[in-house]
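A quick write-up on the structure given underneath.
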Amino acid sequence: MIDANTLFGFWPLRRADISPETLVSTLKKHKLKAALTLSTTGIFADFQRGNEETLQVCGQSNGMLLPIGTIDPRRYVGSLEEIDKYLKQGVRVWRLFWEQQGFDLDLHPLTEILKRLAERGATLQVDATRRGDPSRIAVRTKPFGLRTILLGVDGRHVGELVSILGEHEQLLVETRRLADPQVVTALAQRFGATRLVFGTASPLQYVSSAKLPLEAAQLTDEQKALVMGGNVRALLAGTGA
Amino acid sequence: MPIVDSHAFFGRPPESVRAGTMREVDSVLGSCHISAAILASAQAERGDFRRGNEELGRALAGYHNVFGYVTVHPSYPEESVEELRRRLSQEVWRAVKLPRPIAGPRIASEGLRTILHAARRYGRPLLIDTESDTDVRDVVELANEYQSVKFLVGGMGGSHWETAVRLCAQVLNTTLEIGSLEADQDKLRDAVAAVTPRRIVFGSRFPELHPLFVLGMVKDAAIEEADRQRILFRNAMELFELQPTAETIGARRGEAVA
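Sequences listed follow chains A and B, in order. Using numbering that gives the first Met the number 0, you'd call the opening residue of the first sequence number 0 and step up by one each time. Using numbering that gives the first Met the number 0, you'd call the opening residue of the second sequence number 0 and step up by one each time.
Structure (structure tokens):
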């Protein structure tokens, strides 16, 4: 299993131990083979320093931790160069933090960033926790055909997902907060298991809350293998949906 | 380990793809080894609370190990007091509930105080849904005001669970109900440390959420096994005055569930 959503570093919003050591021990405890991850320095302080930390920690993990890059569109200056620099080093998944950094999706610098990521065949991760977020992100990423993983989508917003996933083939959905095996099953049957990825937000959040509903979903072994890691592997190899 | 679900729904929440029928409650909660449940009416959450209570009462009739919350509405205090009088003398109704969507801008309202005056005589716990820091503070204010009433802090304040943990620590007539989408690591460990394992209960919020999502939090929590048992079973048995039975959830007296 590959966890598509983890982080490490210091968490300023509440007291939490999310050190690299805690992340690795959590992954091992739950028998997760690998995880996409990034340093929280890139969210709250400095994206360039954060990306350096991410690469450093991942480089010391014997392949267990796989880097996610991030950029802060509020600074913008240097963002496109940062994307190119780390793409050359194999960073194929990038994450934006619009909630934490307080920028709107119609911020103009974002257009250039999304375009660059799409041109380079990267995958975007972005939080879509509130009602309407998936719709806004769908519209924003469609012109570039940018493959995008919606993180933290609330299972109560499944109607919105059903409405957009058919039209917006660039979108994938993290299963963590779908919170119901039936919702996972229904989305996989309707749109294909290639559109779902397993993520946990560990070590900030409990792994089993994300894992148990997914394990109970009525999916074939092949479908489960895709959701639990196959889709992420394909994205990293540049052959994803 | 037996499990009591302290907070699930009968009926379809507006956004849910599930129907919330008794058959579905029976099947899903049963598959998660839940042996008893206290249900609130989904209809009463946002619509006509008396009709919701009535429909829930009919659905529960004759079922083993499935009980009900009487939903009250602070904009209709007299009608709510009448609902308490009509229902709380019956065994099947084990608690009172104030849903957040109908609670008004502030939970600590005059309408709710009128209901609380009346609720004191029945000795049943009151669950109030909480979604914000202000909600939690209001519930704690009311708990201090009405010390003979046991208050269940529904959803533990959502993303403001740290406030719930901190403020409820010293208010002994509060109990935290853990069901929410906030699966923050440390949430249960911190709650156990602050309010003690005796004042925390498991609620699935099915069909809004799924029991496995909330059970995942309890499974992963860095707490003692005995504390886990308290949260999943013993506390609810005591709070709702349930009797242990060998029967599974939903089995209708004298007949198999179709």
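From the three backbone atoms N, C-alpha and C, an ideal C-beta is built for every residue, glycine too.
Environment of SER24 (chain A) [buried if 16+ CB atoms lie within 10 Å]: Numbered from its first residue, the first sequence carries residue 24 (chain A) at position 25. Classification for SER24 (chain A): exposed.
Between the Cα of LEU151 (chain B) and those of B:CYS167, B:SER158, B:GLU144 and B:THR162, spot the shortest distance and give me the residue it belongs to. Stepping through the second sequence from its first residue, residue 151 (chain B) is reached at position 152. Selected option, being the one with the closest Cα: B:CYS167.
Go through the region 3 to 65 of chain A residue by residue and report every complete run of the beta strand (DSSP E) that reaches 3 residues or more, in order. 33 to 36
Report all residues from its chain with a CB closer than 6 Å to the CB of MET21 (chain B); omit the five preceding and five following residues, and keep chain order. The sequence position of residue 21 (chain B) within the second sequence is 22, counting from 1. ALA58, listed in sequence order.
Tell me, which residues are paired with ASP4 (chain B) by DSSP? Stepping through the second sequence from its first residue, residue 4 (chain B) is reached at position 5. BP columns for ASP4 (chain B) point to B:ALA36.
CB ILE248 (chain B) to CB ALA36 (chain B), shorter than 8 Å? If you number the second sequence from 1, residue 248 (chain B) lands on position 249. If you number the second sequence from 1, residue 36 (chain B) lands on position 37. It is a contact, given that the beta carbons lie within the stated cut-off.
Are the C-beta atoms of HIS209 (chain B) and some chain A residue less than 8 Å apart? The residue given as residue 209 (chain B) occupies position 210 in the second sequence. For HIS209 (chain B), the answer is yes, since a Cβ of chain A falls inside 8 Å of its Cβ.
Spatially closest choice to TYR68 (chain B) from B:TYR62, B:TYR75, B:VAL80 and B:LEU87, by CA coordinates: Within the second sequence, residue 68 (chain B) is the residue found at index 69, counting from 1. Measuring from the Cα of TYR68 (chain B), the nearest candidate turns out to be B:LEU87.
Report whether the distance from the Cβ of LEU151 (chain B) to the nearest heavy atom of the ligand PLP is below 7 Å. As far as ligands go, the structure on display features none, and thus does not contain the ligand PLP.
Short of 9 Å Cβ to Cβ, which residues in the region 50 to 77 of chain B face chain A? none
Below 6 Å CB to CB, which residues in the same chain sit around LEU235 (chain A) once its five sequence neighbours on both sides are set aside? As a working note, residue 235 (chain A) is residue 236 in the first sequence. Correct list, in chain order: ARG91.
ILE1 (chain A) (DSSP reduced to helix, strand or coil): Residue mapping note: residue 1 (chain A) aligns to position 2 of the first sequence, counting from 1. Looking at ILE1 (chain A) - three-state DSSP - the assignment turns out to be strand.
Between ASP179 (chain A) and ALA7 (chain B), what straight-line distance do the alpha-carbon atoms span, to the nearest angstrom? As a first step, residue 179 (chain A) is located in the first sequence; it is residue number 180 there, counting from the start. As a first step, residue 7 (chain B) is located in the second sequence; it is residue number 8 there, counting from the start. Between ASP179 (chain A) and ALA7 (chain B), the C-alpha separation is close to 14 Å.
SER40 (chain B) and GLU176 (chain B) - do their beta-carbons sit closer together than 8 Å? Here residue 176 (chain B) corresponds to residue number 177 of the second sequence, with the count starting at 1. Here residue 40 (chain B) corresponds to residue number 41 of the second sequence, with the count starting at 1. No, the pair does not count as a contact, with Cβ atoms beyond the cut-off.
Taking only beta carbons into account, state which residues of the region 118 to 147 of chain B come closer than 7 Å to chain A, listed in chain order. none
For chain B, find out if any of its Cβ atoms is closer than 8 Å to the Cβ of PRO180 (chain A); answer yes or no. Here residue 180 (chain A) refers to the residue found at position 181 of the first sequence. Taking Cβ atoms only, chain B reaches closer than 8 Å to PRO180 (chain A), which makes this a yes.
Coarse secondary structure for SER295 (chain B), derived from DSSP in three states: For chain B, the structure presents residues 0 to 257; residue 295 (chain B) sits outside this window and is missing.
Measure the C-alpha to C-alpha separation of GLN146 (chain B) and VAL206 (chain A) and round it to an integer number of angstroms. Locating residue 146 (chain B) in the second sequence gives position 147, where the first residue counts as 1. Locating residue 206 (chain A) in the first sequence gives position 207, where the first residue counts as 1. For GLN146 (chain B) and VAL206 (chain A), the distance between alpha carbons rounds to 38 Å.
Return the CA-CA distance between LEU145 (chain A) and LYS32 (chain A), expressed in angstroms with no decimal places. Taking the first residue of the first sequence as position 1, residue 145 (chain A) is located at position 146. Taking the first residue of the first sequence as position 1, residue 32 (chain A) is located at position 33. For LEU145 (chain A) and LYS32 (chain A), the distance between alpha carbons rounds to 27 Å.
Once the 5 residues before and after ALA209 (chain A) are set aside, which same chain residues still bring their CB inside 6 Å of it? Taking the first sequence and counting its residues from 1, one reaches residue 209 (chain A) at position 210. Only ARG175 and THR199 meet the Cβ criterion.
Contacting residues, own chain, Cβ-Cβ under 8 Å from ARG119 (chain B) (five flanking each side not counted): By one-based count along the second sequence, residue 119 (chain B) stands at place 120. TYR145, SER147 and VAL148, listed in sequence order.
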